[in-house]
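Protein chains in written order, with my numbering: chain Z, 1 to 302; chain G, 1 to 302.
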């Protein structure tokens, strides 16, 4: 059973569509707008964007498949390859209500070859799902980690614990020694050694992708009608500022896009609709805002 | 005539104080708050911050003098040096009114030596002033460039044209092929070859530092009472988003601070109080917002 690029793309496009349909149902008001784009050097994508909804203030569910001559900035990461394909679905959702967390998902597949026509010499899968709330919520976070563990365990019981730690490490705002949120899973460079393994890794990728809606739907439903104050909104804006800091300073996907002449609006759709930076803002002692920062510290959920 | 570090520091501290006094007078309501900080590895600083003023929404006028063992990340830039001193004044002001531009200034002095006690083996001056408006304004921009040229010309007539181009190059948001604002001057690594030259470069640095208030005062007075709409405010928020993008992705001072365990709140005081990112926001054809982007293109003012 040989898995081909076309098959992976087909899955990703279907995933994008089904996630958008579910998010539109959840929102109840706004719909996604399509933005199809082409990349001069090869390939392109379909960005789907929702804005000013009842639940979602700004969100992007982006599919892309770019290919062409390998950019110099990537050559250090590969052997002999001159040609690459990269395809994936990338999601960031910024909700209105400060008690509904930001969610991020990415599932991706890379392959390299010596020329556009020749055999694949190297390939890998990568991805992850993670959540960045503005307030602590045990129920939601346990739900997130349970579903992610369930998505991993059938494939390899070492996946969840490994990819959970990888996620905690990756989504650290190093200059603040602060976590972006409550983590999830993150993995990269999962390289199949043969076709059977490739089929397994692709099935694992689908397992992660398919868990996005079950994860987020419940979290949204738990919190979307919670009343909130100006102060809650202000804290959400400050946490969104942190989100922007992480993405612009550290995120590898963002930097990859900026360095490879990617489509800027699709890359930076991850940035929050509104964000704030107050000088030296320190939450009141004992407040929910203060508790958030402790709650974000990595911990074992099982 | 030997210029010593203490003399440079004294000037910088006086400059900080006099700029804060002038900005408080201009604002008429808010005053600067002092935040003194120490750096575990050596030195420290005095951050002066104004927030929620009548004219200035958020601004920082920061003095710092840090010293100690040269961090590894800087070793490639220097010869044999193990010990460094860096001192400077850094300013970013975010005004309330969208017709008053953001202004940025930095004046700095670095020196290196083999040990904490030994002779200076290498030293340089750097700095600049640049302005990031949300709307085109010929009068203000010509005023800015005239005063900067006047600050440069007595020292070297090649300075202004060279440092103006350097500024245009530096403050480009490369991934958008867009300028952060209308430029100004930027210079770095001005290395004196002997004491007389050091005295001259220090005098030049003072000439730049002392032009901050004459530059900004007039621009503030020209625009502070201009009426504005929601739409003007939205465009200001979008331009502030661009400002944050530049600082977090490209700014060397910011990255230097983040990599050398600098004081985060003082480094990131440059970030806007409130910023917005809308998906694929394109200003209306023929609008003032659209004209801004053309106005920002580098041009000769004389």
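From the three backbone atoms N, C-alpha and C, an ideal C-beta is built for every residue, glycine too.
For my contact list, residue i and residue j are in at a C-beta cut-off of 8 Å; report their separation, rounded to the angstrom.
i              : j              : result
residue 120(G) : residue 111(G) : 5 Å
residue 35(Z)  : residue 177(G) : About 19 Å separates the two Cβ atoms, so there is no contact after all.
residue 140(G) : residue 219(G) : 5 Å
residue 268(G) : residue 107(G) : Residue 268(G) to residue 107(G), Cβ: 20 Å. No contact.
residue 271(G) : residue 277(Z) : 4 Å
residue 192(Z) : residue 122(Z) : No, residue 192(Z) and residue 122(Z) are not in contact; Cβ-Cβ is about 10 Å, not under 8 Å.
residue 59(Z)  : residue 94(Z)  : 6 Å
residue 43(G)  : residue 62(G)  : The pair is not a contact, with the Cβ atoms about 13 Å apart (cut-off 8 Å).
residue 57(G)  : residue 96(G)  : 5 Å
residue 299(G) : residue 250(G) : Not confirmed; about 22 Å, so no contact.
residue 207(G) : residue 155(G) : 7 Å
In chain G, which residues lie less than 8 Å from residue i when you measure between Cβ atoms?
i             : result
residue 49(Z) : 279 and 280
Closer than 7 Å by C-beta to residue i: which residues in its own chain qualify, once you throw out the five before and the five after it? Chain order, please.
i              : result
residue 187(G) : 126, 127, 128, 163 and 166
residue 160(G) : 148, 149, 152, 153 and 185
residue 29(Z)  : 53 and 54
residue 243(Z) : 102, 132, 180 and 272
residue 233(Z) : 98
residue 237(G) : 274, 275 and 276
residue 198(G) : 3 and 192
residue 183(Z) : 130, 164, 167, 168, 171 and 298
residue 75(Z)  : none
Name, please, each residue of chain G whose Cβ falls closer than 7 Å to the Cβ of residue i.
i              : result
residue 265(Z) : 279 and 280
residue 275(Z) : 275
residue 175(Z) : 258 and 264
Output needed for residue i: all residues of its chain with C-beta closer than 6 Å, excluding positions within five of it in sequence on either side, in chain order.
i              : result
residue 32(G)  : 20, 48 and 50
residue 263(Z) : 37
residue 215(Z) : 144 and 147
residue 247(Z) : 254 and 270
residue 209(Z) : 15 and 107
residue 201(G) : 125, 190 and 192
residue 104(G) : 92 and 130
residue 239(G) : 134
residue 170(Z) : 186
residue 211(Z) : 147 and 151
residue 71(Z)  : 260
residue 282(G) : none
residue 265(G) : none
Give me the chain Z residues within the contact set of residue i, using Cβ-Cβ distance strictly less than 7 Å, ordered along the chain.
i              : result
residue 245(G) : 248
residue 268(G) : 277
residue 272(G) : 277
Name the chain Z residues whose beta carbon is nearer than 8 Å to that of residue i?
i             : result
residue 60(G) : 279
I'd like the list of long-range same chain contacts for residue i, defined as Cβ closer than 8 Å, with 5 residues on each side in sequence excluded.
i              : result
residue 41(G)  : 66, 68, 69 and 261
residue 297(Z) : 179
residue 115(Z) : 82 and 83
residue 217(G) : 22 and 26
residue 142(Z) : 301
residue 18(Z)  : 213
residue 284(Z) : 290
Residue i versus chain G: which residues are under 9 Å apart at the beta carbon?
i             : result
residue 72(Z) : The premise fails here: residue 72(Z) is roughly 16 Å from chain G at the closest Cβ pair, so nothing lies under 9 Å.
residue 35(Z) : 279 and 280
Counting only beta-carbon separations shorter than 8 Å, does residue i have a partner in chain C?
i             : result
residue 23(Z) : Within the model displayed, chain C is absent; protein chains Z and G are what it includes.
Item checked: Within the segment 61–123 of chain G, ranges of the alpha helix (DSSP H) (whole runs, at least 4 residues) -> 72–75
Next item on the list: Count the C-beta pairs between the segment 284–299 of chain Z and the segment 125–136 of chain Z that are closer than 8 Å, then say yes if the count reaches three, no if not.
Entry: yes
Margin query: Check whether the segment 80–90 of chain G and the segment 4–17 of chain G touch, using three or more Cβ-Cβ pairs below 8 Å as the test.
Written below: yes
Item checked: Length-filtered (3 minimum) beta strand (DSSP E) runs lying within the segment 236–296 of chain Z -> 274–276
Margin query: For the pair the segment 220–237 of chain G and the segment 145–158 of chain G, tell me if three or more CB-CB distances fall below 8 Å.
Written below: no
Margin query: Please give me, in chain order, every unbroken run of the alpha helix (DSSP H) with length at least 4 that falls completely inside the segment 138–189 of chain G.
Written below: 138–152 and 159–170
Item checked: Sequence ranges, alpha helix (DSSP H) only - wholly within the segment 194–235 of chain G, length at least 4 -> 195–210 and 212–223
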